[in-house]
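Enquirer: Protein chains in written order, with numbering that gives the first Met the number 0: chain S, 0 to 280; chain W, 0 to 177; chain Z, 0 to 335; chain Y, 0 to 845. Just so you know, even glycine gets a beta-carbon here, dropped at the ideal spot from N, CA and C.
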Amino acid sequence: MSVRASQGDGRAGTTGARPGALGFLTDTTLCIGCKACEVACKQWNQLPMDDFGFTGYSYDNTGDLGATTWRHVAFIERVSDREGRRPTRLKAFQSNWLMLSDVCKHCVYAGCLEACPTGAIIRTEFDTVVIQQDICNGCGYCVPACPFGVPALSLTDGKAHKCTLCYDRLKDGLEPACAKACPTDSIQFGPVEQLMERAKRRVADLHAQGVTEAYIYGDREVGGTGGIEGLNAFFILTAPPEVYNLPAQPELPQRKVLPAFLSTAAAALGLGLAALLSLRR
Amino acid sequence: MGIKERLRTHVGRVPNPVSEATRQAHARIRGAEVTVSVCPYCAVGCSQLIYTKDGRIIDIEGNYESPINGGTLCPKGAATYGLLTSPLRETKVKYRAPYSDHWEERSLDWAMERIAQLVKQTRDVTYEETDEHGVPVNRTLGIGHLGGATLDNEENYLIKKLWTAGLGIVAVENQARI
Amino acid sequence: MSMGYQRRWETRRQAGGSAADEARDSYYGLPAIHKPHWKWSIVLYFFLGGISGASYVVATLARLFGGPELRPVARAGRYLSFLTVIPAPLLLIYDLGRPERFHHMLRILKLRSPMSLGAWGLLAFSLFSGLSALTQAAHDGLIGRRGPARLLRATPDRLVGLLGSGPAFFLSGYTGVLLAATAVPLWTKNFLLLGPLFLSSALSNAVTALYLLLAATRQAGSHALERLERLDRLALLAELALLLGLRANSGPVIGRPLDAGRLGQAFRGVLGAGVVAPLLLQALARRRHGAIAQALRLLAGLLVLTGGFLLRCVIVFAGHRSADDPHATFELARKR
Amino acid sequence: MPGLGARLGRGGATTTQQSLADSDCIVIMGSNMAENHPVGFRFVLKAKTKGATIIHVDPRFSRTSALADLHVPLRPGTDLAVLGGIVNYVLNSERWNSDPFFKEYLTHYTNAPLIVSEQFKDTEDLEGLFSGYDPEQRRYRTETWQFAAEEAEQDHGPNAEPSSAPVDMTLQHPNCVFQIVKRHFARYTPELVEQISGVPRDLLITVAETLLQNSGRDRTSAFCYAVAWTQHTIGTQIISCCALLQLLLGNIGRPGGGILALRGHATIQGSTDIPTLYNLLPGYLPMPSTQAGHRSLREYLATEQPPTGMWFNLPRFMVSLLTAWYGDAATPENDFAYDLLPKISGDYSFEAMIPMMADGVMKGLFCLGQNPAVGGQNAVLVRKALANLDWLVVRDAYEIETAAFWYDSPEVRRGELRPEQIKTEVFFLPAALPGEKEGSFTNTQRLVQWHDKAVDPPGDCRSEPWFLYHLGKRLKELYQDDDTPKGRQITALTWDYPTKVLWDEPDLQAVLKEINGFTVADGKPVSSFRELKDDGSTACGCWIYSGIMPEEGYNRARNRRGDDKASLEWGFSWPNNVRILYNRASADPQGRPWSERKRWVWWDPEQGRWTGYDVPDFPVDKPPDYRPPEGARGLDAHAGDKPFVMLPDGRGRLFVPSGLLDGPLPTHYEPWESPVGNLLYPKTPRSPVAPLFERPDNPYHEIGDPRFPYVITTYRLTEHHTAGGMSRTVPWLAELQPEGFVEISPELAAELGIANGDWVVVSTLRGEAEARALVTDRIQPLVIHGRTVHQIGMPWHFGYKGYAQGGIANNLSALIEDPNSRIHEAKAFTCNLRKGRIGREGEHPL
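(1) To test your reading of the DSSP string, which unbroken beta strand (DSSP E) runs of 3 or more residues are found completely within the stretch 91-152 of chain Y?
(2) So is Gly65/S in contact with chain W if we call contact Cβ pairs under 8 Å?
(3) According to the neighbour-count rule (16 or more other Cβ atoms, all chains shown, within 10 Å of its Cβ), is Gly458/Y buried or exposed?
(4) Would you decide whether Lys188/Z is buried or exposed? Buried here means 16 or more other CB atoms lie within 10 Å of its CB.
(5) Once DSSP output is grouped into helix, strand and coil, what is the label at Ser115/Z?
(6) Grab the span of the alpha helix (DSSP H) containing Ala386/Y for me, first residue to last.
(7) With a threshold of 6 Å on Cβ separation, who are the neighbours of Glu182/Z within its own chain once the five nearest residues in sequence on each side are excluded?
(8) Looking at the strands, I want to know which residues DSSP matches up with Arg70/S.
(9) So, are the CB atoms of Leu66/Y and Ile53/Y less than 8 Å apart?
(10) Please report the residue range of the beta strand (DSSP E) in which Lys93/W lies.
(11) Can you list the residues of chain W that Asn442/Y reaches, using a CB-CB cut of under 7 Å?
(12) Which of the three DSSP states, helix, strand or coil, is assigned to Trp609/Y?
(13) Determine the direct distance from the alpha carbon of Asp338/Y to that of Gly156/Y, and round the result to whole angstroms.
(14) If we require 4 or more residues per run, which alpha helix (DSSP H) segments fall completely within the stretch 390-478 of chain Y?
(15) Using 8 Å as the Cβ pair cut-off and three pairs as the minimum, do the stretch 726-734 of chain Y and the stretch 401-415 of chain Y touch?
(16) If you run the structure through DSSP and keep just helix, strand and coil, what is Tyr214/S?
(17) Helix, strand or coil for Thr127/S? Go by DSSP, reduced to three states.
(18) Could you give the DSSP three-state label for Gln174/W: helix, strand or coil?
(19) Taking Cβ-Cβ distances below 8 Å as the criterion, which residues of the stretch 17-50 of chain Y are in contact with chain S?
(20) In the DSSP assignment, what are the bridge partners of Cys366/Y?
(21) Taking one C-beta from the stretch 273-290 of chain Y and one from the stretch 43-52 of chain Y each time, how about it: are there three or more such pairs within less than 8 Å?
(22) Are the C-beta atoms of Ala16/S and some chain W residue less than 8 Å apart?
(23) Rounding to the nearest angstrom, what Cα-Cα distance links Thr188/Y and Ile195/Y in this structure?
(24) Please list, in chain order, the residues of the stretch 82-95 of chain W that have any C-beta partner in chain Y closer than 8 Å.
(25) Identify the residues that DSSP records as bridge partners of Gln187/S: which are they?
(26) According to the Cβ coordinates, are Asn35/Y and Val115/Y closer than 8 Å?
(27) Could you tell me whether the Cβ of Ala115/W comes closer than 8 Å to any Cβ of chain Y?
(28) Going by beta carbon distance, what residues of the same chain come within less than 7 Å of Tyr468/Y, once the five residues before and after it are set aside?
(29) Is it right to say Arg168/Y is buried, meaning 16 or more other beta carbons lie within 10 angstroms of its own, or is it exposed?
(30) Quick check: the Cα distance between Gly724/Y and Gln264/Z, rounded to an integer number of angstroms?
(31) Hey, Thr127/S and Leu21/S: beta-carbon distance below 8 Å or not?
(32) What would DSSP say about His720/Y, mapped onto helix, strand or coil?
(33) So the candidates are Glu513/Y, Ala491/Y, Leu248/Y, Ile238/Y; which of them puts its Cα closest to the Cα of Leu261/Y?
(34) With 16 other CB atoms within 10 Å as the buried threshold, where does His784/Y fall?
(35) By the criterion of Cβ-Cβ separation under 9 Å, what are the contact partners of Ala108/Z in chain W?
(36) Specify the secondary structure class of Gly651/Y as computed by DSSP and reduced to three states.
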């Protein structure tokens, strides 16, 4: 896939990440789909197992991110070509069976956070996005407000949940559980600025090794678009975002608030006028 | 918090009202005791840290110091806490009498004594002092043993020593064979 | 796996088809975003809130500009507004995952969150609606003649009505913005239309409700009813235009739930039976007299109200459907 | 393990996981490393990041293949043909014949130049058989497999290889090992290998060329394998063929080289070193056997002690072991109580035990952390055997299938068997888990690591040492007045370990000290096996672990200081803390590093000793130019350029005159159940010496049986562990792979009308298992002998207990063994598959 160059909005850098922001770089080219991240996350956060069953979706039996699944590994089989021929000479690193450990993107501007009417969702001192469980009243508005399908309401406690980027661990200077467990360093944790530099070098290396498909998902060109201004948890992918069930150029939903209110106000004026004209003596 | 500060954090375009619980949040392993362990699953040999508070395990993670895993774990290793605390974990002795259709709960001491008696009975009946050529063999084929590859070296040593050298049980086998 | 959608193996799969085939067009057809959990209580809130706000506006305008003929309209509008706003917070609290924490809604005021604005707006409007209704009741002698009643009669009800019309319009229309400011493809794609659509529908619903009430109780004269019907016609025409615009603007992929299945039928039902048919029936009624005309108007009124409720059902649940459709999400967020 | 042992001297992995990061090419074959050893796979990716080529040879496209540069699909059971093809290509390649490195390594470090007896006849001459075959007994006599000079001295026993055997350093002699090997593999042409295995010829050549380009003075290649090599009737020979190839390529004993055996259990290596195995004593001493003539200690030593090499020290190891076990009862006068040690006279391996139980020979069984009702071959027969026991003791943390067979097995659920008909008295004792007890595991690279105790086990859960110690105490008491051998055997056993307060838990430091060895007089630990004596003055439970506790209270398994080189201060690696085995070979014959890049252990002429990053696996002060004097014994008989210290002549063996039961050279035979015959040797399609269990409840499929047209292979998933007792019971793992399934290709699915997610039933003559079908391109049909052969893959974790359940794959497999390792064949057999279920909808699977 080729990602078109950005429109050039004059801002430096490829994301609007704030200085000192902490985040994840999830490099799918190093992912072996072991799901250690899923388990380490559930272990640390003491999340229950899901209501499960065999899906037939390759090796993905958890399906998506949810209230009790904050890391989710997607599996996409791209083994055969159209004629059913299996490859033998493969691209360097992950190829043909794509695996991605999905997670909350901790957007630079986050739809869930801006939607939250109670202030339960906050931006922390680490620039991560966290749902405060002592505040959330389960209105559920953050759920559709996320362009990535991350937060979800729990059936058991009625509140919204998602990855906290291990906020409690960060407070003690500990690495998030998933990044720590990841055996192949597919999940890397650190200051977003450093991770972005590393990701760019990695993508350049991959291109040099013939993996010309590799690109960063989560900057202002793809993933972190439309007012989101980049993702603090971003990815290196080798196929179009949709393959991994990710939107290519999502928008921050709250961008619509003002224009929508303006059009509604205009309608109110119009209808009010119509009413006035209709009703007046 | 002053009213001004409160307004600033609670009213605005996108205010950021941090709760008291969030301010107090911290890793539950803060101040916990740490014990170094080894992952019980495969043979890669990942070093683990077991965190305990008040005699209870609260967390198990990889050990950064290990030259093998360097803090990482696979899904099974990461689930070790679950292995120790699963709701399905058995902590009571269960006994099933011959031809019975149900388990019975028994004391550990009763079971140990009954097992010792059964070992003696079976061994006494099946013991061979010599083979058909009169060569001393001092063994029993009447009792067998399976398991060892998930046990400790010291445990394997005691198994081999007690069963084979002490009781003449020769059919002692573990998962290395499968 | 999050709740609310089926696993693929519960549906038909083709012999010989592989896991790779199922992930060819999308990720096994699984949703790319999460839809909200909103069910009937929210739809009902949208409906009643719309009527409440719009009837308040109608009442205010009737009081301000309608002259004595429209006094009954103003009175009925104030009562209707108050009656329909009472269940609103209850429906909202009922919908919460943690209802006991409903007051957290008023913990902050967040200008970027339509829901936060909505909570405050609903609170503000309830005060106005309550005050106006009480004032009306005081005038009508329903709460006695002394004490508070006297105080209420002294309130400047026209000024109150004027001030309350802002929140009233807000309550009728913000729900459209609430839907628009999400990642749900059908809603956000039509972000400029939903507010006006809900507003016009609210107006026609409120007017129709008032019309039926006044006609049934024979409280208003024919002039008053004619004016109401005129307003209803305008509102319905606006609604018709907005609905057609919404369908066209949604496009083939995002708009698919408006075409297919039960929701498609419902959408066509809203258009046909909820908007076009009442317009035609009203036109027909204007050429007739007596019982037939009354029956036609009654039918038209019922169709409008049913259509108004159904419209909100369709918009909400078709939105859910579009959220479950990864193609709709990708269409919305495709590379530009 | 005999596969590596026979050619290199020890059965253990020759290298470490960390050393893979130094590889230039890594071939993963017979292993799905990324899935089953994800953390070990880090080092593969580290090598890859540095530019190494990763090759995965495997029937399936797995998570390992996804990260590889080459995926080489082959039919299950044809690994040896593919390896043979690589050997053949290498020997005739331009590079191998032009770079002097290879021949220098070969002539000095291996037995390639040795001349083999004229009487030896190869499979080339005898249509797939070696000389000395006895068809009656289905076994080989090895007299004709010896080296030329030895023939006259047959009396010295099978291990007697004098270091003075004739050699031809030019490798031209027609009967030198090198020429025999070359002729032996000449048949394995890329074309024929393609027909047998389905590996396209150009792909085979690419693999061989990649290996050649990445082997030499300055480059090394490594092989990683696991049970997908061992679990074949020719498993040992597959591994030994890899050892042969790595010797040819000069990759053994060098950083980034070697063969990494990937073990599946936490201490499968340890439970072989300190074997809970019927045919071994600790430290790889052979178990005394009446069949081998071990009637007395003298005879035992006479047959097993070679005059040269490390094993010359056998008497010290054996006497020290007997002293450790029988203490005061072991005296020089009574041959250290050798008679009390039981003798074997047959096969009592796991597979042999199953018929013993089913036939009532074996009446009682202990299962300590093993789940044969799921993990045992022909699991239907296993459960039948369990139902025929008088008593069964299961110790586990969970109620596993083996404990529940009498009320919850498929047989009971189908109504074929009722609990009221089963006599077995069953004890389930809850076990303590690591974290609740201390002890040591030996990992896949022979690294012994101690785990400390964090908390007390819950309820009645107890450690194995507690159970054994107290059961032993009770039995000693029961037998205290019995003066017959069976009484003396148990009463003589040393069993006095200090105990700790809680529940009288035996002190494992004391057990470790006994394993390490100590001088009897003062009880002080020995610092190395070199201190062991054959006069009863030392006791030692496992000589290869000597040095793990060099002084009282110093437990080297508890060392926890790692570094980025050999990490000598992290744990203890047997032998003697050596990390890369045979590392003398990391230097050239003169003792200099082969290259700066591949420096590891070298001779320091100034200090007059071997030095380097690792502990030298070699007498530390033996100079490279040392030549043994006439009549030298033990290690003194090895020259200074012979790295393979365990072997009689110190040379790695391309040709194995003894120690392998199925031939001195690796030969491809088809799996016992195969869709096709053997194209290499049509008259000898299958292993001529594989031990069979021919009985009505263990029937085999004939070659090409049309009722069972598909090849099936069984395997594990990242998300589960072995027979599932430790993973299907854990919620967080169960949800990740919640049900049993079989993987089939879209081609087969289309043929049989099966949709993804459908129920299917897999069947053999032994039994059936049902599962969901996962239709995937990762499984592919192969063209074999010109016809399409479909493959089926089935994870074998699943059973009828725990959260995640599914049909038992081992219901399908058969009792059949590799003659050397006595490991079964579950990686390749034949089966049928149909759409449908055995049980009813809504029931959990059978």
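Expert: On the basis of the data shown:
(1) When DSSP assignments are scanned along the stretch 91-152 of chain Y, no uninterrupted stretch of beta strand (DSSP E) that is 3 or more residues long falls wholly within it.
(2) Under the Cβ criterion of 8 Å, Gly65/S is not counted among the residues facing chain W.
(3) Exposure of Gly458/Y is indicated by the presence of fewer than 16 other C-beta atoms within 10 angstroms of its C-beta.
(4) Note on Lys188/Z: 16 or more other CB atoms within 10 angstroms of its CB, so buried under the neighbour-count rule.
(5) In the structure shown, Ser115/Z sits in a helix (DSSP, three-state: H, G or I).
(6) Where Ala386/Y is concerned, there is no enclosing alpha helix (DSSP H), given that its DSSP letter is neither H nor E.
(7) First, the residue type needs correcting, since residue 182/Z is Ala and not Glu in the sequence shown. The residues Ile32, in chain order, have a CB closer than 6 Å to that of Ala182/Z in the same chain once the five nearest residues on each side in sequence are set aside.
(8) According to DSSP, Arg70/S bridges with Val102/S.
(9) Their beta carbons are under 8 Å apart, which means Leu66/Y touches Ile53/Y by this criterion.
(10) DSSP places Lys93/W in the uninterrupted beta strand (DSSP E) bounded by 93-95.
(11) The contacting residues are Ala42, Val43, Gly44.
(12) DSSP places Trp609/Y in the strand class (E or B) of the three-state scheme.
(13) With a pLDDT of 43 at Gly156/Y, under the threshold of 50, the modelled position of this residue cannot be trusted; read the value that follows with caution. The alpha-carbon of Gly156/Y is positioned some 23 Å away from that of Asp338/Y.
(14) Those alpha helix (DSSP H) runs which fall completely within the stretch 390-478 of chain Y and span 4+ residues are 400-407, 409-412, 463-477.
(15) No: the two stretches stay apart, fewer than three of their Cβ pairs being nearer than 8 Å.
(16) Tyr214/S falls in the strand class under three-state DSSP.
(17) Note: Thr127/S maps to coil in three-state DSSP.
(18) Here DSSP, grouped into helix, strand and coil, assigns Gln174/W to helix.
(19) Taking 8 Å as the Cβ-Cβ cut-off against chain S, the residues of the stretch 17-50 of chain Y that qualify are Ala33, Glu34, Pro37, Val38, Phe40, Arg41, Leu44, Lys47.
(20) Note: Cys366/Y sits in a beta bridge opposite Leu145/W, Val393/Y.
(21) Touching, no.
(22) No, Ala16/S lies away from the interface with chain W (no Cβ there is under 8 Å from its Cβ).
(23) The straight-line gap from Cα to Cα measures roughly 11 Å.
(24) Look at the stretch 82-95 of chain W: the residues with a C-beta under 8 Å from a C-beta of chain Y are Leu82, Leu83, Ser85, Pro86, Leu87, Arg88, Glu89, Thr90, Lys91, Val92, Lys93, Tyr94, Arg95.
(25) DSSP output for Gln187/S lists Leu24/S as bridge partner(s).
(26) Inclusion of Asn35/Y and Val115/Y in the CB contact set at 8 Å is not warranted, their separation being larger than that value.
(27) A Cβ of chain Y is located within less than 8 Å of the beta carbon of Ala115/W.
(28) So the list reads Tyr496, Pro505, once near-sequence residues are dropped.
(29) It should be noted that the sequence gives Met, not Arg, for residue 168/Y. Exposed, since its Cβ has fewer than 16 Cβ neighbours within 10 Å.
(30) Going by the C-alpha atoms only, they are around 53 Å apart.
(31) Contact: yes.
(32) If DSSP states are grouped into helix, strand and coil, His720/Y belongs with coil.
(33) The alpha carbon of Leu261/Y has as its nearest neighbour, out of Glu513/Y, Ala491/Y, Leu248/Y, Ile238/Y, the alpha carbon of Ile238/Y.
(34) Residue burial is scored here from C-beta neighbours: His784/Y has fewer than 16 other C-beta atoms within 10 angstroms and is therefore classed as exposed.
(35) Residue 108/Z is actually Leu in this sequence, not Ala. By Cβ distance, chain W contributes His9, Val10, Gly11, Pro14.
(36) In the structure shown, Gly651/Y falls within a strand segment according to DSSP collapsed to helix, strand and coil.
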